[in-house]
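First the structure, in the form of structure tokens, and then the observations on it.
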Amino acid sequence: MEILAFGVQADERPLIEKAFAAHHDVRCLDVFLNEDTAPIAAGYEIISTSVNASLNNRVLQTLAAGGTQMIAQRSTGFNNIDLQVAERLGLTVARVSYYSPYSVAEFAWTLATAVNRRIVRASNRTRDFDFRLDGLMGRDLRGRTAGVLGTGKIGEAFTRIAHGFGMNLLGWDVAENPECVALGMKYVGKEQLFAESDLISLHVPLLSATHHLIDASALRAMKDDAILVNSSRGGLIDTDALVSELRAGRFTGVGLDVYEAEAGLFFLDKSLEAVEDDTLARLVTFPNVVVTSHQAYYTVDAVNQIVDATVRNVLDYQAGRRSENVLVPAAPRS
Ligand SMILES: NC(=O)c1ccc[n+]([C@@H]2O[C@H](COP(=O)([O-])OP(=O)(O)OC[C@H]3O[C@@H](n4cnc5c(N)ncnc54)[C@H](O)[C@@H]3O)[C@@H](O)[C@H]2O)c1
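Reading the sequence shown from the start, the letters are residues 105 to 438 in this note's numbering.
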């Protein structure tokens, strides 16, 4: 059987082809699954999708009408999939519930230290042989406070690194993580976390309860010189409100690996097109902001784990096995 994989990056492709080789043929496409590309899936029982696929009602209807029965999503987050519609249409959906949380946590830290120590500006200057230090002053993190929103797998890995930096640890989550408590984390209300943290990092999933968790009032509650990092999902932050605060000269630094309107932009080369997104265009002009294109997970270790889990998800589906990765189980066959 041939599997159709959407949204495959160039250096991800050999890993996917190798992982599937013993079991299935795989056709890799660089285009993302959306309303325009969904018809390509006609005749494919099993497809694999990536983080910026749009699995909305119309796309799922097109897939079901074309004979697709199983969707193997190559990410942890599944906010891009309408699971209720998938279930109604009898489509099985699986995701990758675990892969290296260190990939994302280490990248969140990369953003935090990059904005704190002005690494991008410094590098741009030395390329111009401008060796002045004006405007490049950062802050020691030791003894300052890290606030972690969401202390699951990635939040815990982030917390371990914060502990290594010698930071005080504040956490906010619906459930306390004993590993974080053992590192000295104090769980507090989010208002207290915003008010007391020097570095705030987001690691909760995007749900209706967490959409715009960081809104105008949350941003105003943060210290003027805080560092804010989002490596989870763009929809956690009201980006227009963030731009307003940045215009007012607030924040030591903001590192964003995700952006609420990233679909249709991130992972693509838009360098020769007119910029249509005024919010993103403004965001990247601030000297204290670094934006990356949803690359926190992108290590060889994490991608190999994602691909291996995707192959297992496909084999489990074919064997009628259930696993913790299944979001919508196969409808009983009559
Ligand atoms: N940028 C990237 O490349 C990338 C890669 C992987 C994951 N992510 C994002 O990181 C997120 C976290 O991943 P993880 O593996 O740590 O997940 P996880 O499930 O291990 O942890 C999520 C934590 O959020 C908490 N939580 C859930 N709903 C909450 C709510 N309403 N209020 C407060 N806390 C809540 C949970 O209790 C849990 O501790 C994912 O959902 C995904 O959006 C981003």
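C-beta: ideal position from N, C-alpha, C; glycine also. Keep in mind that this is a model prediction, so the values were computed, not measured.
Based on the DSSP output, what are the partners of LYS290 in its beta bridges? Residue numbering aside, residue 290 sits at position 186 when the sequence shown is read from its first letter. Per DSSP, LEU274.
Tell me where the beta strand (DSSP E) around ILE410 begins and ends. As a first step, residue 410 must be located in the sequence shown, where it is residue number 306. ILE410 -> not in any beta strand (DSSP E); alpha helix (DSSP H) instead, spanning 404-423.
Touch check for the segment 406-426 and the segment 170-184: three-plus C-beta pairs under 8 Å? yes
Label ALA374 either buried or exposed according to how many other C-beta atoms from any shown protein chain fall within 10 Å of its C-beta, with 16 as the threshold for buried. Taking the first residue of the sequence shown as 1, we reach residue 374 at position 270. Per the sequence shown, residue 374 should be read as Lys rather than Ala. Burial call: exposed.
Can the beta-carbon of VAL219 be found closer than 8 Å to that of GLY359? Position 115 of the sequence shown, counted from the start, is the residue given in the question as residue 219. Position 255 of the sequence shown, counted from the start, is the residue given in the question as residue 359. Yes. Within cutoff.
From THR141 to ALA109, what distance separates their C-alpha atoms? As a working note, residue 141 is residue 37 in the sequence shown. As a working note, residue 109 is residue 5 in the sequence shown. Their backbone Cα atoms lie some 12 Å apart in a straight line.
Less than 8 Å between the C-beta atoms of LEU340 and VAL393, yes or no? Translated into the one-based positions of the sequence shown, residue 340 becomes position 236. Translated into the one-based positions of the sequence shown, residue 393 becomes position 289. No; because the gap between Cβ atoms is not below 8 Å, this pair is not in contact.
For ALA114, count neighbouring C-beta atoms within 10 Å of its own C-beta (all shown protein chains included) and say buried if the count is 16 or more, exposed if not. Position 10 of the sequence shown holds residue 114. By the 10 Å Cβ count, ALA114 comes out exposed.
Quick check on the DSSP output: the alpha helix (DSSP H) that includes THR230 runs from which residue to which? Translated into positions along the sequence shown, residue 230 becomes position 126. Its alpha helix (DSSP H) spans residues 223-231.
For ALA250, tell me which candidate among ARG236, THR263, VAL224 and ALA400 has the shortest Cα-Cα distance. Here residue 250 is taken as the residue at index 146 of the sequence shown, counted from 1. If we check each option's Cα against that of ALA250, THR263 comes out closest.
Suppose the cutoff is 6 Å on Cβ atoms and the five residues either side in sequence are ignored; what does the same chain contact list for GLU116 look like? Numbered from 1 along the sequence shown, position 12 holds the residue referred to as residue 116. Counting only Cβ-Cβ distances below 6 Å, and skipping sequence neighbours, we find VAL407.
Give the DSSP bridge partners of CYS132, in chain order. The residue labelled residue 132 in the question sits at position 28 within the sequence shown. According to DSSP, CYS132 bridges with ALA109.
Just list the alpha helix (DSSP H) runs in the segment 315-391, keeping only unbroken ones of 4 residues or longer that don't cross its boundaries, in chain order. 320-325, 343-351 and 382-387
Please report the residue range of the beta strand (DSSP E) in which LEU306 lies. Residue mapping note: residue 306 aligns to position 202 of the sequence shown, counting from 1. Looking at the DSSP string, the run of the beta strand (DSSP E) that includes LEU306 is 303-306.
Distance check for LEU372 and THR180, CA to CA, integer angstroms please. What you label residue 180 is simply residue 76 of the sequence shown in a count that begins at 1. What you label residue 372 is simply residue 268 of the sequence shown in a count that begins at 1. When rounded, the distance between both Cα atoms is 21 Å.
With respect to 7 Å, is the separation between the Cβ of LEU273 and the closest non-hydrogen atom of ligand 1 below this value? Locating residue 273 in the sequence shown gives position 169, where the first residue counts as 1. Result no, Cβ not under 7 Å from ligand 1.
By Cβ distance, which residues of its chain are closer than 7 Å to TYR206, with the 5 residues on each side in sequence left out? Along the sequence shown, read from residue 1 onward, the residue named residue 206 stands at position 102. Only ALA261 meet the Cβ criterion.
I'd like the span of the alpha helix (DSSP H) that includes LEU164, first residue to last. Reading the sequence shown from its first residue, position 60 is the one you call residue 164. LEU164 -> alpha helix (DSSP H) spans 161-169.
For ILE144, the first and last residue of its enclosing beta strand (DSSP E): As a position in the sequence shown, residue 144 is number 40, starting the count at 1. Where ILE144 is concerned, there is no enclosing beta strand (DSSP E), given that its DSSP letter is neither H nor E.
If we call anything under 8 Å between Cβ atoms a contact, is LEU387 one with THR356? As a first step, residue 387 is located in the sequence shown; it is residue number 283 there, counting from the start. As a first step, residue 356 is located in the sequence shown; it is residue number 252 there, counting from the start. No. Outside cutoff.
Please write down, chain order preserved, every residue whose beta carbon lies under 6 Å from a heavy atom of ligand 1. THR180, GLY181, PRO205, VAL208, GLY254, THR255, GLY256, LYS257, ILE258, GLY259, ASP277, VAL278, ALA279, HIS307, VAL308, PRO309, LEU310, LEU311, ALA313, THR314, SER335, SER336, ARG337, ASP361, VAL362, HIS398, ALA400 and TYR401
Please state whether DSSP places THR180 in a helix, a strand or coil. As a working note, residue 180 is residue 76 in the sequence shown. THR180: coil per DSSP, three-state reduction.
Measure how close the beta-carbons of MET289 and GLY270 come, nearest whole angstrom, since I'm counting them as under 8 Å. For this step, residue 289 is matched to residue 185 along the sequence shown. For this step, residue 270 is matched to residue 166 along the sequence shown. About 14 Å; that fails the 8 Å criterion.
Since ASN156 and PHE390 should fall inside the 8 Å C-beta cutoff, what is the C-beta to C-beta distance between them, to a whole number of angstroms? The residue you call residue 156 lines up with position 52 of the sequence shown. The residue you call residue 390 lines up with position 286 of the sequence shown. Contact flag wrong, Cβ pair sits at about 24 Å.
On the DSSP bridge list, what partners appear for LEU439? The requested residue 439 is not part of the displayed model; the chain covers only 105 to 438.
Distance between ALA146 and PRO309 (C-alpha atoms, nearest Å): To locate residue 309, count along the sequence shown from 1; it is residue 205. To locate residue 146, count along the sequence shown from 1; it is residue 42. Distance between the alpha carbons of PRO309 and ALA146 is about 31 Å.
Less than 6 Å between C-beta atoms, sequence neighbours within five positions excluded: which residues of the same chain meet that for VAL135? Translated into positions along the sequence shown, residue 135 becomes position 31. Closer than 6 Å at Cβ, skipping near neighbours: THR141.
Check the Cβ-Cβ distances between ASP319 and every residue of chain C, and say whether any is below 8 Å. No chain C is present in this structure, which holds just one protein chain.
Where SER397 falls: helix, strand or coil (DSSP): Here residue 397 refers to the residue found at position 293 of the sequence shown. In the structure shown, SER397 sits in coil (DSSP, three-state: anything other than H, G, I, E or B).
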